[in-house]
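Reading through the structure tokens given below for one structure.
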Amino acid sequence: MSETIRLTAAQAMVKWLSVQMTEDGERFIEGMWAIFGHGNVAGIGEALHAYKDVFPTWRGQNEQTMGHAAIAYAKGKKRTRAHAVTSSIGPGSTNLVTAAALAHVNRLPVLIVAGDVFATRRPDPVLQQVEDFDDGTVSANDCFRPVSRYYDRISRPEHILSALPRALRVMTDPANCGPAVLAFCQDTQAEAYDYPVEFFEPRVWRIRRPAPDAGELARVAEMVKAAKKPVIIAGGGVVYSQAEDTLAEFASTHRIPVAETQAGKSSLAQSHPMSFGASGVDGSAAANAALQNADLVIGVGTRFQDFTTGSRTLFGAGAKLVSVNTHGYDAAKHGAESLVADAKIALEMLSAALGDYQAEAPDADAREDWLCAVDAYCARPEDQAALPTDGQVIGAVQRATGEDAVAMCAAGTMPGALKLLWKPSQGGYQMEYGYSCMGYEVAGAMGLKLARPERDVLCFVGDGSYMMANSELATAVMRRVPFTVILTDNRGYGCINRLQTMGCGGEPFNNMYVDCNVEVQPEIDYVAHAASMGAHAVKAANTDQLEAEVKAARERDIPTVIVIDTVAKDFPGTGLETTAGEHGFFWDVAVPEVSDRKKQRDRFEEYLTQIANARLVN
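Just so you know, we're using UniProt numbering here: the sequence shown kicks off at 1 and counts up by one.
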């Protein structure tokens with residue numbers, strides 16, 4: 001009979017998590033973010049306290065933003081390590097649903113341990129319990145089901161013997177990676193069980209690199225050899241595979257230009273001669289022209305989101321499509337020829353199969369013209385008294401930083417502006433744009449800095465997104481996690497206002513404060529607000545001051561918040577001021593078919609013409 005140890009289910013979970021290791025000898029799950037409440041304080045809280053010296057606990061300010069910090073950490077670690085997050089039942093759990101969805105869309109690992117109702121049902125209905133009148137098995141945690149890669153309800157203490165390894169199997173799977181959710185019944189957390197001692201022996205989790213099928217590889221190699229003007233679209237899979245150097249060598253060897261998605265940006269340094277910039281809606285003139293003229297588009301680690309493909313209108317009608325991806329679901333999108341494999345292994349094997357093949361030389365002049373346009377958009381304004389554009393803000397920040405800078409953001413106009421204009425070193429960009437979640441930025445910056453302490457983390461956030469979630473500034477101050485927040489204040493939701501009025505033919509309504517139904521216009525002092533949480537906060541009157549403040553922030557051990565007022569309505573070159581911008585491409589946002597206004601009717605006629613060009617093959 002095997003030796004056993006008697007522990008509560010929660011104690012066993014924490015003890016087991018503390019010995020799950022990476023190949024580098026570190027814990028795969030570094031620790032757990034926690035806000036205690038009804039449903040996790042007695043069981044999980046006591047267990048975390050018991051093991052606090054070997055498995056750290058960190059307290060945040062909101063369950064959603066704790067989840068965002070954990071997700072950004074995993075992204076910064078390229079999915080090689082992760083964090084866990086625990087919540088109480090009811091609102092504590094449902095606060096985490098948005099974070100789970102964000103992790104699911106972005107294919108990022110996070111372990112969510114959500115407090116749940118009593119397994120025995122003895123005291124039902126307990127505080128915060130959601131009752132389904134027709135199904136006694138339902139709890140609020142069922143909200144996680146559609147946004148989890150693995151979901152389990154722990155209603156017996158022995159359930160963790162199988163549930164925990166299953167959760168980490170998903171989190172370390174290159175194809176199925178995403179959030180794992182354990183709905184942990186609160187009475188089960190505290191229930192004791194005699195667990196096998198061998199269950200707690202250290203285990204190493206290895207992330208495999210699946211090689212391509214020989215037949216798929218041969219077919220794709222022949223397609224590339226037959227192409228004269230292929231273009232690569234680099235997605236987040238390049239980063240997660242740590243294939244950046246492999247991609248650079250592949251592109252140089254075979255003379256194939258590279259366009260980028262939001263998740264793939266900085267997989268090539270901007271200085272690389274085959275880096276043609278962003279693809280799609282918020283894309284560069286050089287990348288989009290190359291993609292329109294391409295006879296073969298090679299997606300590497302991308303899920304071909306609508307922003308990347310210009311809502312399926314960007315690629316030329318005659319262009320063939322190849323998709324290299326670890327998951328067959330993504331690899332088969334848009335009728336692509338699939339190459340299901342790890343990005344690094346696939347590029348190495350494909351390069352060997354191609355031999356001395358080289359494509360026609362890409363248009364270097366187009367690349368240089370685009371870079372010159374970027375410099376013009378980001379140049380120092382001659383009139384420092386005028387409100388700057390987002391591009392001029394980006395330029396000031398870029399001039400103030402070095403090769404160690406990482407720009408990050410999540411929602412609004414700034415992601416498109418950064419994708420087009422930021423000139424990163426390799427690894428110098430991290431964007432959450434799969435879910436484009438407002439309120440991710442501040443917590444995400446903290447998580448990214450925890451993952452990459454050697455990098456200078458620059459968090460771009462608009463006033464609207466800052467207002468949604470900013471409280472983890474206080475956590476970063478308490479933990480002495482330094483990063484720089486560039487808070488651009490255009491007095492409302494400027495991005496969506498542009499889409500409303502220019503892209504969709506609507507009228508200004510309910511986005512900018514001046515167009516909202518309020519009794520008085522707000523006067524929000526963002527500097528005082530950030531300072532009240534302990535951050536170093538300052539208002540920059542112009543881009544010269546902004547540049548100086550960004551440089552000064554590098555010397556601090558706490559977050560710095562720099563507020564700068566920006567223009568509300570104009571920023572050329574993002575492609576977001578209309579649905580087909582100066583450099584960008586069409587974005588399919590539905591336009592009302594019926595309207596009393598001529599502007600709206602005219603926009604609908606344009607819309608019909610644009611959607612007629614979409615590739616409908618799935």
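Even glycine gets a Cβ: it sits at the ideal position worked out from N, Cα and C.
Excluding the five sequence neighbours on either side, which residues of its own chain have a C-beta within less than 7 Å of the C-beta of residue i, listed in chain order?
i	result
residue 354	221, 224, 225, 254
residue 94	140, 143
residue 680	Any answer about residue 680 is impossible in this case: the structure gives the chain only from 1 up to 618.
residue 228	295, 359, 360
residue 381	388, 392, 543
residue 191	8, 9, 157
residue 292	314, 316
residue 118	124, 126, 185, 186, 187
residue 86	32, 34, 40, 44, 113
residue 507	501
residue 521	513, 514
residue 609	none
residue 29	17, 20, 82, 83, 84, 111
Return the first residue and the last residue of the alpha helix (DSSP H) that residue i is part of.
i	result
residue 118	First-last for residue 118: undefined, no H or E at that position.
residue 165	160-171
residue 350	343-354
Taking the beta carbon of residue i as the centre, do at least 16 other beta carbons fall within 10 Å, making it buried, or is it exposed?
i	result
residue 494	buried
residue 238	buried
residue 314	buried
residue 97	buried
residue 15	buried
residue 322	buried
residue 185	buried
residue 581	Because residue 581 carries a pLDDT of 46, less than 50, the predicted location of this residue cannot be relied on, and the following value inherits that uncertainty. Classification for residue 581: buried.
residue 599	exposed
residue 303	buried
residue 329	exposed
residue 206	exposed
residue 305	buried
residue 52	exposed
residue 550	buried
I'd like the list of long-range same chain contacts for residue i, defined as Cβ closer than 8 Å, with 5 residues on each side in sequence excluded.
i	result
residue 163	152, 154, 182
residue 589	499, 503, 504, 579
residue 218	353
residue 418	394, 407, 409, 429, 431, 460
residue 100	67, 110, 112, 144, 147, 148, 179, 181
residue 54	18
residue 42	186, 189, 190
Report the option in the options whose CA atom is closest to the CA atom of residue i.
i	options	result
residue 319	265, 337, 313, 295	295
residue 471	532, 509, 507	532
residue 243	264, 278, 419, 259	264
residue 150	113, 450, 563	113
residue 177	32, 187, 147	147
residue 312	48, 325, 337, 280	280
residue 70	36, 40, 108	108
residue 468	455, 492, 523	492
residue 411	300, 169, 487, 130	487
residue 337	541, 167, 324	324
residue 619	136, 128, 105, 106	With the chain represented from 1 up to 618, any question about residue 619 goes unanswered, as that position is not in the structure.
Looking at the secondary structure, which residues open and close the beta strand (DSSP E) in which residue i lies?
i	result
residue 430	429-431
residue 378	No beta strand (DSSP E) contains residue 378, which is instead part of the alpha helix (DSSP H) from 364-378.
residue 340	337-340
residue 325	320-325
residue 532	Residue 532 -> not in any beta strand (DSSP E); alpha helix (DSSP H) instead, spanning 526-532.
residue 87	82-87
residue 486	484-489
residue 544	From DSSP, residue 544 is part of no beta strand (DSSP E) but of the alpha helix (DSSP H) over 543-553.
residue 275	275-278
residue 565	560-565
residue 17	Unbroken run through residue 17 is the alpha helix (DSSP H), 9-17; no beta strand (DSSP E).
Just checking my contact of residue i with residue j at CB under 8 Å: how many whole Å lie between their CB atoms?
i	j	result
residue 352	residue 340	Rounded, the Cβ-Cβ distance is 18 Å, inconsistent with contact.
residue 461	residue 477	That pair is no contact at about 17 Å.
residue 556	residue 536	6 Å
residue 259	residue 236	Actually they do not touch by this definition, with Cβ atoms about 14 Å apart.
residue 345	residue 209	5 Å
residue 197	residue 21	That pair is no contact at about 18 Å.
Can you list, in chain order, the residues of its chain whose CB lies under 6 Å from that of residue i, leaving out five sequence neighbours each side?
i	result
residue 165	none
residue 415	409, 431, 433
residue 138	132
residue 452	76
residue 603	505, 591
residue 577	Caution applies to residue 577, whose pLDDT of 42 falls short of 50 and renders its modelled position unreliable; the value that the coordinates give is listed next. Closer than 6 Å at Cβ, skipping near neighbours: 498, 502.
Is residue i close to chain C? Criterion is C-beta to C-beta, closer than 8 Å.
i	result
residue 161	Looking at the structure shown, chain C is missing, and only one protein chain is on hand.
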